[in-house]
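Q:
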Amino acid sequence: MFTSSERTMDLFHKFDTPCKGVFQKELKALDHEIHQKKGLADVEKEIIMPGSAEERLDRILEDTPILDTHNDLPYLLRVQLHNEIEGNRFCFNGDLESHTDVPRLKKGRVGAQFWSVFIECKNPDPLYQDFNQPNSAVRDTLEQIDVTKRALAKVPEVFDLCNTVDEAKDAYKRGRIASMLGAEGLHQVDVSIAVIRQFYDLGVRYITLTHNCDNPFATAASSVAGGLPDNGLTDYGKAGVKEMNRLGMMVDLSHVSYKTMHDTLDVSKAPVIFSHSSAYSITQHRRNVPDDVLERIRELDGVVQVNFYPLFIKQTDEKNKHGLPKTTIDDAVDHILHIAKVAGWKHVGLGSDFDGIPEGPEGLEDVSKYPDLIKRVMERSNATDDDIRGFIGGNLLRVWKKTEEVAAEMQKHEPIVDENWPDRTWDFWKSAASLPKLTKNAKVDESACING
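Under the numbering used here, the sequence shown has 1472 at position 297, and the numbering climbs by one with no breaks.
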C-alpha cells in the first residue's frame, strides 16, 4: 500500500512538464481522496507538494506571510536616539547596523511583524514587591507606541499599521508589511486595568503578563529563579486576563513563571501565545516552555513563537563574542521541531527577539535569514505545505482571529472590568474632601490625602 507521499511522487513522475495542468487535477483528486479516509496518520492526511524547498516556499508565500511576533527595534530608537528620528537621524530604508532594516526585511520576505513597545522594569531591584512605587512605565510606553508609529510612517509604501487579522491579511495581499504592536510586561500598565484598555485603543494587540519582574497581576520566571515563591496568577491577574479576553488583546506568556503559565491556561477564554519562547526540554531555561505546557497549548489551540536568543536555545561551554552559547540555525530548528512534535505543527511559529538580543545564531544573524530557516525546517522534517503555512504565520493569525471572536462574543454580555488592585494606594489633595458629593454616602478617604 502506498503512503500519500509515495503516491504523490508517483503521480509527479507520470507527467512531463507540459502536462502540469493534468498533474494538478490528479493531485487535487488524490488530496480529496486522502482527506476522506479516516484513521490515517497525520503525515498521510496531507500531501507534501513536490519541488525544491525554494519552490515550496514561493508557493506558500503566495497566500501566507512570514510573521514574527517579537522585534525590539523600537527600543533601540529609545536608548540610542532618545526617539528623535525625524530628518536624517534614522533611515529605516537604509542599511542599519542593527538586525532590522527595510532592505533586509524585504530580503527576508517578511510579510507581518509585531513590533515590541517594550519598557524595562523601573525598579533597580528586579525582585522588588512594592508595586505602589511611582514610576514612569506608562509614560514611557506611550512614547514607544508613538515612536514605533512614526518610524513605520517614514516608509508608508512598505508598512501598514494593522489592528485586526483582516487588515493584516489585506496589507499582505497589497505587498505591504503588516505591522502590529505588542507590549512586553504588565508592569507597563503600572497597576491599572484601565491602562490595558487605553493601550488596546492605541493599537497594542498583545501584552506579555510579566517581564523580568513581578507585578500585581502575575509572577515572573526571573523572580522564581531569584528565589521568590511562584505565586502564579493573582486574583487581580485573573481579572486582567478576563479584560484582555473581552478586548481582543492576546495574552502572552513569555517571561512568566511555570505556575503563571498553568493558572492563565486555566482561566483564559481565548487561546494564549508565547510571543518569544523556546522548548524547555531542549534547553533547560525558565524562559522556555515545558512539555506539559506545550501539551496544554495544543489542547487549548495556542501557539509558541520560537525565540532565537542563544542562551535560550543551547547549553554549551563554547561561547560567542558576547559570552553567550555559540549557536547555529540548526539549534533554532531543533526547538521548532520539538514543539511541532509535542504540540503539533499548528502550535509553533516565529518570535525571533531580533534587536532585543546581542546576536542571533550563526545562519540567523538578522531578519534577512527567515527563508533560510524555513527551508532548513523543510529539509529536516516531513512537514507538509500546510504545516509550513501555519508555522511561518498562519498559526498566529488563527489564534489572533480566535481572540477577536472570543472578544466579540464576550462584549455581548460581559461588562467592562473596572476592578482595582486591592493594595493600590490613592493620593488626593486635601481640598478634594470639600468638593460636592456624588451621592449622599460618598466620601473621600482623608488618610489618602496629600497637601493641596
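Ideal Cβ placement from N, Cα and C applies to all residues, glycine included.
Please read all numbers here as calculations on a predicted model, not as lab measurements.
How is the alpha helix (DSSP H) around H1437 delimited, first residue to last?
A: 1433 to 1442
Q: Among P1485, P1611, L1384, which one has its Cα closest to the Cα of I1532?
A: With respect to the C-alpha of I1532, the residue from P1485, P1611, L1384 having the closest C-alpha is P1485.
Q: For S1456 versus Q1480, is the C-beta distance shorter than 8 Å?
A: no
Q: In terms of alpha-carbon separation, which member of D1315, T1339, L1469, V1313 lies closest to F1289?
A: T1339
Q: Could you check where the alpha helix (DSSP H) with S1398 kicks off and where it finishes?
A: Segment 1396 to 1400, the alpha helix (DSSP H) holding S1398.
Q: On the premise that L1408 lies in contact with I1382, defined as a C-beta separation below 8 Å, what is that separation, rounded to the nearest angstrom?
A: The Cβ separation is near 14 Å, so there is no contact.
Q: Quick one: what's V1285 bridged to in DSSP?
A: I1241
Q: If you reduce the DSSP assignment to three classes, tell me which class Y1455 lands in.
A: Coil.
Q: Taking the straight line between their C-alpha atoms, what separation do you get for L1202 and D1541?
A: Interpretation of L1202 is limited by its pLDDT of 44, a score under 50 that renders its predicted location unreliable; the figure taken from the coordinates is listed afterwards. Per the coordinates, the alpha-carbon of L1202 lies some 37 Å from the alpha-carbon of D1541.
Q: For A1454 and H1522, which I take to be in contact (beta-carbon distance under 8 Å), what is that distance rounded to the nearest angstrom?
A: The beta-carbon distance between A1454 and H1522, rounded to whole angstroms, is 12 Å. This is too long to meet the 8 Å contact definition.
Q: Does the pairing of the segment 1543 to 1553 with the segment 1383 to 1400 give three or more beta-carbon distances under 8 Å?
A: no
Q: Take the Cβ of V1254 as the centre, count every other Cβ of all protein chains shown within 10 Å, and call the residue buried at 16 or more, exposed below.
A: exposed
Q: Can you say whether A1623 is buried or exposed, counting buried as having 16 or more other CB atoms within 10 angstroms of its CB?
A: exposed
Q: Would you call the segment 1301 to 1319 and the segment 1346 to 1365 in contact, with 3 or more CB pairs under 8 Å?
A: yes
Q: For a quick check, are the C-beta atoms of I1448 and T1244 less than 8 Å apart?
A: I1448 places its beta carbon less than 8 Å from that of T1244.
Q: I'd like to confirm the pairing. Which residues does DSSP put opposite V1364 in its beta bridges?
A: Per DSSP, none; premise fails for V1364.
Q: For E1272, report the span of its alpha helix (DSSP H) as first-last.
A: Premise fails: E1272 is in no alpha helix (DSSP H) and is neither H nor E.
Q: How long is the line joining the alpha carbons of H1210 and D1562, rounded to whole angstroms?
A: Any answer about H1210 is weak, because its pLDDT of 46 lies below 50 and its placement is not dependable; what the coordinates show is given next. Cα to Cα, H1210 sits roughly 15 Å from D1562.
Q: By DSSP, does R1599 sit in helix, in strand, or in coil?
A: coil
Q: Let me confirm a value: I1591 is counted as buried when at least 16 other C-beta atoms fall within 10 Å, else exposed. Which label applies?
A: exposed
Q: Would you mind sorting E1272 into buried or exposed? The rule is 16 or more other CB atoms within 10 Å of its CB.
A: exposed
Q: Go ahead and pull the three-state DSSP assignment for E1342.
A: helix
Q: At 3 residues or longer, and completely inside the segment 1457 to 1517: list those beta strand (DSSP E) runs for me, N to C.
A: 1478 to 1481
Q: Would you decide whether L1232 is buried or exposed? Buried here means 16 or more other CB atoms lie within 10 Å of its CB.
A: buried
Q: Does the distance from the CB of I1488 to the CB of G1538 come in under 8 Å?
A: no
Q: Residues in the same chain with beta-carbon distance under 7 Å from P1278, minus the five sequence neighbours each way, listed in chain order, please.
A: D1270
Q: Which of helix, strand or coil does DSSP assign to A1228?
A: helix
Q: So, under 8 Å CB-CB, N1268 and V1330 are touching, yes? Tell me the CB distance rounded to an integer number of Å.
A: Approximately 5 Å separates the beta-carbon atoms of N1268 and V1330; this is inside 8 Å, confirming the contact.
Q: Rounded to the nearest angstrom, what separates A1515 and V1464 at their Cα positions?
A: Distance between A1515 and V1464, taken at the CA atoms: about 13 Å.
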